[in-house]
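In UniProt numbering, the protein residues as written are 1 to 612.
Beta carbons: idealized from backbone N, C-alpha and C, even for Gly.
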Ligand code: F6R
């Protein structure tokens with residue numbers, strides 16, 4: 001069925017419209033199109049077939065704009081051709097439409113008598129001409145639409161823009177669904193909130209007969225010309241339940257999708273246990289030149305970057321730094337020649353990461369420095385992917401839960417592939433090491449599947465966290481970032497205060513927090529640091545702390561008084577951070593559910609942080 005997406009923002013919304021259309025693909029359609037208002041013009045692209053065709057056309061024409069409408073069409077009146085695809089234009093008006101205008105033929109006859117020429121066989125085109133015609137009597141786009149609506153019979157939803165009205169988007173709901181996605185300094189429309197979930201979880205559900213006027217900063221809804229108030233609601237879970245399948249929450253579904261998501265991500269790069277010849281081929285010249293790597297990211301993506309730093313240095317002897325984007329961008333960093341700047345981002349739109357990237361590019365250009373940029377990202381059409389020299393996609397599929405899960409583990413898989421590639425190009429890793437690691441990467445989805453078998457055991461442990469106010473997570477080496485990630489997950493969805501620490505830091509402060517009311521989560525894979533970690537566990541127990549240990553089945557760590565152990569299947573030390581992400585995700589999830597919080601849409605948080 002047809003789908004509508006539209007929006008008005010400060011930034012270019014081309015990719016948001018394309019991404020929105022992709023999220024509506026499941027509805028079935030046969031053509032797609034979009035129109036953007038920019039510089040007093042309507043810029044339009046339409047294509048028969050998949051949204052990917054439209055995306056390709058948009059990438060070629062480079063059209064952009066901060067006001068626009070987009071559509072997937074499921075043919076009713078007229079064949080699935082480019083001419084029949086929406087948006088339809090009359091003069092300076094562009095329209096997208098869902099539903100059917102039943103009296104379109106008689107309206108068409110009248111309009112043709114007035115001299116309007118039709119370029120499609122659709123019922124929709126009459127709306128574009130009617131609005132165009134009504135604008136002869138009024139300078140107000142809203143008023144023109146208000147005059148047209150009573151002439152239309154049928155069930156429909158509309159999105160309308162005009163070149164002379166670059167600061168407004170008009171929308172109508174009359175028998176066909178339409179929601180407004182409320183952003184900060186930007187607002188959107190869609191026929192299905194699913195299309196807008198990456199951008200906002202706040203929606204206004206228009207009622208039948210509503211006409212709304214959206215600007216960047218305001219939303220006005222009218223009924224019969226009178227202003228009415230419509231409440232802003234948080235995500236209506238019932239409506240989006242369908243795509244959660246058997247799972248109670250998106251987060252749980254996404255946790256369980258990780259074996260497949262990782263498999264998808266590595267499949268694009270591997271041929272058996274070898275890197276594909278065409279994998280990051282275009283980046284080879286840049287990789288051979290780089291002397292060091294600077295990773296920039298926020299939140300969970302930053303934690304993935306922290307792990308990559310260990311990997312870059314241990315596995316391929318390339319120096320790597322990682323920094324939180326909001327710090328990097330404001331501290332006037334020295335941009336260094338022959339550096340690869342890597343952005344990691346699920347959305348590819350995170351404001352701080354994007355700003356840090358652009359700033360880096362500007363500084364490098366000003367000094368004529370030779371740098372390269374690369375994005376690891378889950379959204380192929382995102383700004384970061386478009387604006388860096390190279391990109392590597394995590395093929396995790398849409399991540400809807402605000403708390404990042406499958407995006408994180410696929411980022412780790414992608415980072416490992418990137419590291420192997422750079423090592424291969426620079427000849428700093430032996431071929432047999434590449435083979436060993438890739439063989440282990442292929443095996444990781446199975447190990448994750450086995451780790452997920454611990455779900456019930458982790459659920460039982462989570463009961464013991466329900467009433468807690470604080471929690472510590474400890475790990476060493478690449479498990480230190482997993483400790484940080486576990487703490488972030490727990491605090492963001494269960495609202496329990498949690499801290500992640502490198503276990504070696506315990507004595508330098510956090511040990512003072514440990515008492516018999518303090519749960520301490522330990523990440524204990526089978527690696528070189530295990531004995532040292534066991535000493536840290538003793539230190540906690542000696543102060544009355546209660547240990548919750550995720551430990552390798554061969555670690556020799558066993559249950560005892562105030563020491564709960566969940567056995568994790570064996571995995572090579574190098575890939576252990578991917579696998580140990582799973583128990584901390586499950587723990588946070590179950591604690592949050594027990595505490596009755598809004599797991600998928602935690603308070604105060606947004607999925608895509610496009611503002612500072
Ligand atoms: C936490 C989480 C956030 C994001 C961060 C960066 O679960 O999801 O910390 O990781 O907002 O977002 P992206 O990866 O889209 O740049």
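DSSP three-state label for residue 46, please. Position 46 of the chain shown, counted from the start, is the residue given in the question as residue 46. Shown here, residue 46 sits in a strand according to DSSP, grouped into three states.
According to DSSP, is residue 481 helix, strand or coil? Against the chain shown, residue 481 aligns to sequence position 481. Residue state, collapsed to three classes: helix.
Can you tell me whether residue 8 is helix, strand or coil according to DSSP? For the purposes of this step, residue 8 is taken as residue 8 along the chain shown, with counting starting at 1. In the structure shown, residue 8 sits in a strand (DSSP, three-state: E or B).
Using the C-alpha atoms, what's the distance from residue 582 back to residue 408? Taking the first residue of the chain shown as position 1, residue 408 is located at position 408. Taking the first residue of the chain shown as position 1, residue 582 is located at position 582. Going from the Cα of residue 408 to the Cα of residue 582 covers about 10 Å.
Confirm, please, whether the CB-CB distance from residue 232 to residue 202 is below 8 Å. Mapped onto the chain shown, residue 202 falls at position 202. Mapped onto the chain shown, residue 232 falls at position 232. Contact: yes.
Among 186, 124, 389, nearest to residue 282 - alpha-carbon criterion: Taking the chain shown and counting its residues from 1, one reaches residue 282 at position 282. That would be 389, whose Cα lies nearest to the Cα of residue 282.
With a threshold of 7 Å (Cβ to nearest heavy atom), would residue 55 be considered close to the ligand F6R? Numbered from 1 along the chain shown, position 55 holds the residue referred to as residue 55. Distances between the C-beta of residue 55 and the heavy atoms of the ligand F6R are all 7 Å or more.
Thinking C-alpha only, which one of 143, 248, 191, 168 is nearest residue 223? Your numbering for residue 223 matches position 223 in the chain shown. The shortest Cα separation from residue 223 among 143, 248, 191, 168 belongs to 143.
Specify the secondary structure class of residue 466 as computed by DSSP and reduced to three states. Numbered from 1 along the chain shown, position 466 holds the residue referred to as residue 466. Correct three-state label for residue 466: coil.
Is residue 66 near residue 13, with beta carbons less than 8 Å apart? Translated into positions along the chain shown, residue 66 becomes position 66. Translated into positions along the chain shown, residue 13 becomes position 13. Yes, these two residues count as a Cβ contact at 8 Å.
Would you list the residues whose beta-carbon is nearer than 5 Å to any heavy atom of the ligand F6R, in the order they occur in the chain? Output, sorted by chain position: 298, 299, 300, 301, 345, 346, 347, 350, 403, 404, 609.
For residue 252, which residues in the same chain have their Cβ closer than 7 Å to its Cβ, ignoring the five residues on either side in sequence? Residue mapping note: residue 252 aligns to position 252 of the chain shown, counting from 1. Here the set comprises 589.
Let me confirm a value: residue 187 is counted as buried when at least 16 other C-beta atoms fall within 10 Å, else exposed. Which label applies? For this step, residue 187 is matched to residue 187 along the chain shown. Buried.
Between the alpha carbons of residue 239 and residue 431, how many angstroms are there, rounded? Locating residue 239 in the chain shown gives position 239, where the first residue counts as 1. Locating residue 431 in the chain shown gives position 431, where the first residue counts as 1. Caution applies to residue 239, whose pLDDT of 41 falls short of 50 and renders its modelled position unreliable; the value that the coordinates give is listed next. When only Cα atoms are considered, residue 239 and residue 431 end up about 51 Å apart.
Three-state class that DSSP yields for residue 92 in the structure shown: Position 92 of the chain shown holds residue 92. Here residue 92 sits in coil by DSSP.
Based on Cα-Cα distance, which residue from 64, 129, 456, 512 lies nearest to residue 92? Numbered from its first residue, the chain shown carries residue 92 at position 92. A check of alpha carbon separations from residue 92 across 64, 129, 456, 512 identifies 129 as the nearest.
With distance defined between alpha-carbon atoms, name the residue in 539, 542, 533 nearest to residue 550. As a first step, residue 550 is located in the chain shown; it is residue number 550 there, counting from the start. The shortest Cα separation from residue 550 among 539, 542, 533 belongs to 533.
Taking 8 Å as the cut-off, decide whether the C-beta atoms of residue 268 and residue 338 are in contact. As a position in the chain shown, residue 268 is number 268, starting the count at 1. As a position in the chain shown, residue 338 is number 338, starting the count at 1. Not closer than 8 Å, so no.
Taking all protein chains shown into account, decide if residue 437 is buried (16 or more other Cβ within 10 angstroms of its Cβ) or exposed. In the chain shown, residue 437 corresponds to position 437, counting from 1. Buried is the call here.
Grouping DSSP H, G and I as helix and E and B as strand, with all else coil, what is residue 21? Here residue 21 refers to the residue found at position 21 of the chain shown. Residue 21 falls in the helix class under three-state DSSP.
Give the straight-line distance between the Cα atoms of residue 601 and residue 394, rounded to the nearest whole angstrom. Taking the first residue of the chain shown as 1, we reach residue 601 at position 601. Taking the first residue of the chain shown as 1, we reach residue 394 at position 394. Approximately 22 Å between the Cα atoms of the pair.
So residue 216 is in the beta strand (DSSP E); what residue range does that whole segment cover? Here the question's residue 216 lines up with position 216 in the chain shown. Segment: none, residue 216 is in no beta strand (DSSP E) and carries neither H nor E.
Buried or exposed for residue 184, please, with buried defined as at least 16 other CB atoms from any protein chain shown within 10 angstroms of its CB. Residue numbering aside, residue 184 sits at position 184 when the chain shown is read from its first letter. Answer is exposed; the Cβ neighbour count stays below 16.
For residue 125, count neighbouring Cβ atoms within 10 angstroms of its own Cβ and tell me buried if that reaches 16, exposed if not. Translated into positions along the chain shown, residue 125 becomes position 125. Flag for residue 125 reads buried.
Span of the beta strand (DSSP E), counted from its first residue to its last, around residue 305: Locating residue 305 in the chain shown gives position 305, where the first residue counts as 1. Unbroken run through residue 305 is the alpha helix (DSSP H), 299-316; no beta strand (DSSP E).
Is residue 437 helix, strand or coil when you go by DSSP? Walking along the chain shown from the start, residue 437 turns up at place 437. Secondary structure at residue 437: helix, using DSSP grouped into helix, strand and coil.
Between the stretch 439-452 and the stretch 252-264, can you find at least three pairs of beta-carbon atoms closer than 8 Å? Counting Cβ pairs under 8 Å, three or more are found: they touch.
Secondary structure at residue 177, three-state DSSP: helix, strand or coil? Residue mapping note: residue 177 aligns to position 177 of the chain shown, counting from 1. If DSSP states are grouped into helix, strand and coil, residue 177 belongs with coil.
Minimum Cβ-Cβ distance from residue 276 to chain B less than 8 Å: The displayed structure is made up of one protein chain only, and chain B is not part of it.
Since residue 247 is in the alpha helix (DSSP H), which residue starts that stretch and which ends it? Taking the chain shown and counting its residues from 1, the one referred to as residue 247 is at position 247. In the DSSP assignment, residue 247 falls outside any alpha helix (DSSP H) and carries neither an H nor an E.
Could you name the residues that DSSP lists as bridge partners for residue 519? In the chain shown, counting from the first residue as 1, residue 519 sits at position 519. In the DSSP output, where bridge partners are listed per residue, residue 519 has 546.
Would you tell me roughly how many angstroms separate the C-alpha atoms of residue 87 and residue 4, rounded to the nearest one? If you number the chain shown from 1, residue 87 lands on position 87. If you number the chain shown from 1, residue 4 lands on position 4. Straight across, the Cα-Cα distance linking residue 87 with residue 4 is about 10 Å.
Under the three-state reduction of DSSP, which class applies to residue 396: helix, strand or coil? Counting from one through the chain shown, the residue named residue 396 turns up at place 396. Here DSSP, grouped into helix, strand and coil, assigns residue 396 to coil.
Range covered by the alpha helix (DSSP H) that runs through residue 131: For the purposes of this step, residue 131 is taken as residue 131 along the chain shown, with counting starting at 1. Counting along the chain, the alpha helix (DSSP H) containing residue 131 begins and ends at 125-134.
Is residue 279 helix, strand or coil by DSSP? Numbered from 1 along the chain shown, position 279 holds the residue referred to as residue 279. Note: residue 279 maps to coil in three-state DSSP.
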